[in-house]
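Before any comments, here is the structure.
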Ligand code: A2P
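Residue numbers (my numbering): 3 to 337.
Below, the structure is given as structure tokens:
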């Protein structure tokens, strides 16, 4: 049965992807309401061969809406999700606003689809870096129990929105053409030809020295796996890539599991594509994952410094599986 769908943050990087994925997966949309800030009101966006006019988000925007997809940041979600719920909508929220609330399911459909049923009007979509990591690790956790995860990320600028893509492109062009006077708006340092160990770029470091992105990977992984005993430590890093996050993941397991067994397990795991043929220089790449739905896993090796350790290289499209696709998969399960 077709339903009325609202997209909050329709004009953003994730919002645009929501429209592409709703269309390509033939999500049963009856009425589509595109919502953004006042600045975008009146703008036209195309969906299924028709032009839709973007409307300003207000507390009255959700009348008649059954599914509301939010991706306009945590403060917008905090303010407007309650209005959407009061109007009778179920919200899938891509922000961090409600992720760690006890009564809000935090869901990756390949990992914990059973949690969707526990919702009270809002289901949280995890952080992009967490999603691709747990899709790759869940089958290993089930088979050998993961005791500890050490992850370092190489994250694309699209995770920081369309303005971040624009800044990388313009800064790169200005450096290459030798122009002076490029003004950064978003990143605290040059992002072109550089690597920044601070995500998000505008948040203060926490008292423990970590960033909020790093601590999200710690807490969200435990919640999604439903296992507080897994120890997680993360270093999250922005690289001058437009799209798709890469991750170096080291795990220590309770039971011994060989690299060959991990490869076999992952070759049939839902949402995973193994790309691991070093002899032919085949391994996951941002360019391979972009525009694709799968989480790509390769460079699967035993960690020779541990009795029960595995190293993996995991790449996925942060705007798709890391955000819009995961949210729409949740919405599909809701229907
Ligand atoms: P707008 O384009 O009108 O600013 P991104 O993450 O790519 O930067 O996108 C953020 C999304 O959130 C955009 O669609 C943006 O709309 C939307 N947004 C930002 N601030 C508001 C607001 N105050 N009310 C509604 N939508 C907002």
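Just so it is clear, CB atoms sit at the ideal spot from N, CA and C, and this is done for glycine as well. No experiment lies behind these values; they were computed from the predicted model shown.
Bridge partners for residue i per DSSP, in chain order?
i, result
"residue 250", "154, 315"
"residue 46", "55"
"residue 331", "Looking at the DSSP assignment, residue 331 forms no beta bridge with any residue, so it has no partner."
"residue 300", "315"
"residue 337", "Paired residues: none, contrary to the question."
"residue 7", "34, 69"
"residue 279", "284"
"residue 148", "255"
"residue 233", "150"
"residue 274", "297"
"residue 108", "126"
Given this structure, state the Cα-to-Cα distance separating residue i from residue j, to the nearest angstrom.
i, j, result
"residue 161", "residue 245", "8 Å"
"residue 101", "residue 263", "33 Å"
"residue 163", "residue 74", "10 Å"
"residue 127", "residue 191", "29 Å"
"residue 296", "residue 256", "27 Å"
"residue 96", "residue 239", "20 Å"
"residue 226", "residue 178", "43 Å"
"residue 110", "residue 201", "22 Å"
"residue 44", "residue 56", "5 Å"
"residue 18", "residue 310", "43 Å"
"residue 181", "residue 194", "14 Å"
"residue 198", "residue 224", "26 Å"
"residue 186", "residue 171", "12 Å"
"residue 139", "residue 88", "37 Å"
"residue 229", "residue 175", "46 Å"
"residue 31", "residue 51", "13 Å"
"residue 322", "residue 71", "14 Å"
"residue 370", "residue 142", "This structure cannot speak to residue 370, because the chain is shown only from 3 to 337."
"residue 119", "residue 137", "20 Å"
"residue 34", "residue 131", "29 Å"
"residue 27", "residue 183", "45 Å"
"residue 54", "residue 81", "25 Å"
"residue 260", "residue 289", "29 Å"
"residue 117", "residue 328", "14 Å"
"residue 284", "residue 85", "48 Å"
"residue 165", "residue 298", "27 Å"
Could you have a look at residue i and say whether DSSP puts it in helix, strand or coil?
i, result
"residue 100", "coil"
"residue 32", "strand"
"residue 60", "coil"
"residue 264", "helix"
"residue 124", "strand"
"residue 187", "coil"
"residue 16", "helix"
"residue 194", "coil"
"residue 68", "coil"
"residue 220", "helix"
"residue 243", "coil"
"residue 95", "strand"
"residue 308", "coil"
"residue 208", "coil"
"residue 116", "helix"
"residue 171", "helix"
"residue 88", "helix"
"residue 321", "coil"
"residue 75", "coil"
Would the C-beta of residue i count as close to the ligand NAD, meaning under 6 Å from any of its heavy atoms?
i, result
"residue 101", "No copy of the ligand NAD appears in this structure; the ligands present are the ligand A2P."
(request) Please list, following the chain, all residues that have a C-beta closer than 5 Å to any non-hydrogen atom of the ligand A2P. (result) 11, 13, 14, 15, 17, 38, 39, 41, 42, 59, 74, 163, 164
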